[in-house]
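The block underneath contains the structure these notes are about, expressed in structure tokens.
This is the structure in structure tokens:
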């Protein structure tokens with residue numbers, strides 16, 4: 012009974028969409044989101060997603076600028092893709108609700 | 002300057018993992034952008050680590066891996082702040098006095114009382130949070146959850 016049902020927000024779903032074809036830096040996700048993701052909040056979103064098991068991250072091993080911190084690369088996990096896919100199906104199924112039912 | 006200050010604040014206040022996952026990547030972006038040829042994003046680049054730091058503090062409180070333990074502390078802290086706030090609100094009501102409500106100079110009296118009480122309340126809250134942070138960091142030093 013202790014296991015909680017996974018949930019994915021629309022912002023997290025957007026991140027999952029952007030990560031579908033491989034690893035990305037946080038700033039790349041901000042750039043590619045067209046303003047939907049903000050640079051100040053992107054790492055909080057990614058940290059929460061990592062805690063949920065939707066994404067995984069690793070430190071970039073390419074050469075860094077002198078005296079700079081190492082950037083982090085993010086990738087979607089199999090579990091994250093599965094949850095994202097399931098929620099996509101659910102959203103589409105709920106969107107197909109017939110209008111007659113409402114009355 | 003921004004990077005060093007945010008880094009110092011983060012190391013002083015935040016959980017190690019929160020620092021690694023939220024503040025350090027934001028600082029890495031800052032150093033990456035300031036080292037690069039583009040300058041278009043500089044104001045946002047400087048603001049980014051600060052926003053990340055503020056959100057990291059919030060994240061650290063709400064999404065702490067030791068959530069249950071910290072949650073209990075938060076409830077105690079909230080109760081203490083409520084008790085102090087109630088006490089000061091009662092004192093404020095008594096100090097103002099109901100019969101002097103419509104006298105001349107009420108507004109000055111009110112604002113002086115409110116500012117005094119607000120200062121006391123802020124001191125109480127700051128003290129309570131200071132104690133909570135120290136207790137929490139000591140708790141974290143015990144070992145992994």
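Protein chains in written order, with my numbering: chain H, 12 to 114; chain E, 2 to 146. No residue lacks a Cβ here, since even glycine has one placed at the ideal position from N, Cα and C. Fair warning: this is a prediction, and the values are worked out from it, not measured in the lab.
For chain E, is any of its Cβ atoms less than 8 Å away from the one on residue 87(H)?
-> Cβ-Cβ to chain E under 8 Å: no for residue 87(H).
Looking at residue 58(H) and residue 16(E), is the spacing between their C-beta atoms short of 8 Å?
-> No, the Cβ-Cβ distance between residue 16(E) and residue 58(H) is not below 8 Å.
Measure the Cβ-Cβ separation of residue 40(H) and residue 29(H) and say whether it is below 8 Å.
-> In terms of Cβ geometry, residue 40(H) and residue 29(H) form a close pair [threshold 8 Å].
Run of the beta strand (DSSP E) containing residue 26(H), from where it starts to where it stops = Element bounds for residue 26(H): not the beta strand (DSSP E) but the alpha helix (DSSP H), 21-29.
Would you please state the rounded distance, in angstroms, between the beta carbons of residue 66(H) and residue 86(H)? I believe it to be under 8 Å.
-> Rounded to whole angstroms, the Cβ separation of residue 66(H) and residue 86(H) is 7 Å, and the two are in contact under 8 Å.
May I have the straight-line CA-CA distance separating residue 35(H) from residue 53(H), to the nearest angstrom?
-> Rounded to the nearest angstrom, the two C-alpha atoms are 12 Å apart.
Proximity test, Cβ basis, 8 Å: residue 11(E) and chain H | Not an interface residue.
Counting along the chain, where does the beta strand (DSSP E) carrying residue 87(H) start and finish?
-> That run of the beta strand (DSSP E) goes 83-87.
Per-residue DSSP class, three states only, for residue 47(H) | In the structure shown, the three-state DSSP call for residue 47(H) is coil.
Would you mind working out which of 95(E), 85(E), 131(E) sits nearest residue 119(E), comparing C-alpha positions?
-> Closest option to residue 119(E), judged by alpha-carbon separation, among 95(E), 85(E), 131(E): 85(E).
Which residues share a DSSP beta bridge with residue 36(H)?
-> Bridge partners of residue 36(H): 84(H).
Would you call the CB atoms of residue 50(H) and residue 11(E) closer than 8 Å?
-> It is not a contact, given that the beta carbons lie outside the stated cut-off.
Check residue 16(E) in the structure and name its three-state DSSP category.
-> Reduced to three states, the DSSP call for residue 16(E) is coil.
At a Cβ threshold of 8 Å, is residue 62(E) touching chain H?
-> With a threshold of 8 Å between beta carbons, residue 62(E) makes no contact with chain H.
Which whole-angstrom value is the C-beta distance of residue 22(E) and residue 23(H), which I expect to be below 8 Å?
-> Actually they are not in contact, since the Cβ atoms of residue 22(E) and residue 23(H) sit about 15 Å apart, beyond 8 Å.
With 8 Å as the limit, tell me which residues of the segment 44-70 of chain H have their beta carbon closer than that to any beta carbon of chain E; keep them in chain order.
-> Answer set for the segment 44-70 of chain H: 49, 50, 51, 52, 54, 55, 57, 58, 59, 61, 62, 68.
Note down, in chain order, each residue of its chain lying with its Cβ closer than 6 Å to the Cβ of residue 1(E), except the 5 sequence neighbours on either side.
-> The structure shown does not extend to residue 1(E), since chain E spans only 2 to 146, so no value can be given for it.
Is the CB of residue 28(E) under 8 Å away from at least one CB in chain H?
-> Output row for residue 28(E): interface = yes.
Those residues which DSSP pairs with residue 70(H) across a bridge = Residue 70(H) pairs with 83(H).
At a Cβ threshold of 8 Å, is residue 1(E) touching chain H?
-> Outside the shown range of chain E (2 to 146) lies residue 1(E), about which nothing can therefore be said.
Starting from residue 53(H), trace the alpha helix (DSSP H) both ways and give me its first and last residue.
-> In the DSSP assignment, residue 53(H) falls within the unbroken alpha helix (DSSP H) covering 53-63.
Residues that residue 83(H) contacts on chain E, provided the C-beta gap is smaller than 9 Å = Ordered by position in chain E, the residues that pass the 9 Å Cβ test against residue 83(H) are 21, 22, 25, 26, 29.
Test: residue 56(E) CB closer than 8 Å to a CB of chain H | Yes, residue 56(E) counts as interfacial toward chain H.
Given a limit of 7 Å on CB to CB distance, which residues of the segment 14-41 of chain H reach chain E?
-> Those would be 37, 38, in chain order.
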